[in-house]
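Residue numbers (our numbering): 14 to 171.
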């Protein structure tokens, strides 16, 4: 069956020595390198997370500043729009006032012209009535016409 002799013991001892040497020469240095890399990765991850937090804080600060700037810009725009609307209202009121004044002046001019035309028509009508009466009667007849009555009739005919 199985014999236990010095060869097997020597073989087991040499195998254990080989494992110990392998562990000392290769496995421990490789393990140390792996551990060192793991530590470096952990350190780099921690640094990256800290940088990410810092950058997030900076982004938040910039966004707050940007929001404040946008708000200020909107206020300036609103003030400019309000000022422009006020100026527009003033100009429209000025133009409307000027238009009203011109319209009133034109109405007054038209009334004055109308009165002068009616007055000249009254005189012409009275002259025509006198001529018509003279032609109908055959001689010069004196016709008494009230100028204000003729003027009223002309106004009614309008």
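Note that beta-carbon positions come from the ideal geometry of N, C-alpha and C, so glycine has one too. None of these values were measured; they are calculated from a predicted model.
Give me the Cα-Cα distance between residue i and residue j, rounded to the nearest whole angstrom.
i           : j           : result
residue 70  : residue 60  : 15 Å
residue 118 : residue 85  : 49 Å
residue 174 : residue 107 : An answer regarding residue 174 cannot be provided, because it is not within the stretch 14 to 171 covered by the chain.
residue 46  : residue 28  : 25 Å
residue 62  : residue 101 : 57 Å
residue 124 : residue 133 : 14 Å
residue 18  : residue 58  : 56 Å
residue 148 : residue 122 : 38 Å
For residue i, count the other beta carbons within 10 Å of its own beta carbon; 16 or more makes it buried, fewer makes it exposed. Which is it?
i           : result
residue 89  : exposed
residue 142 : exposed
residue 72  : exposed
residue 135 : buried
Comparing C-alpha positions only, which one of the options sits nearest to residue i?
i           : options          : result
residue 169 : 146, 131, 104    : 131
residue 127 : 17, 167, 64      : 167
residue 139 : 160, 50, 75, 151 : 160
### Task
Note down, one range per segment and in chain order, each alpha helix (DSSP H) of at least 4 residues found wholly within the region 35-89.
none
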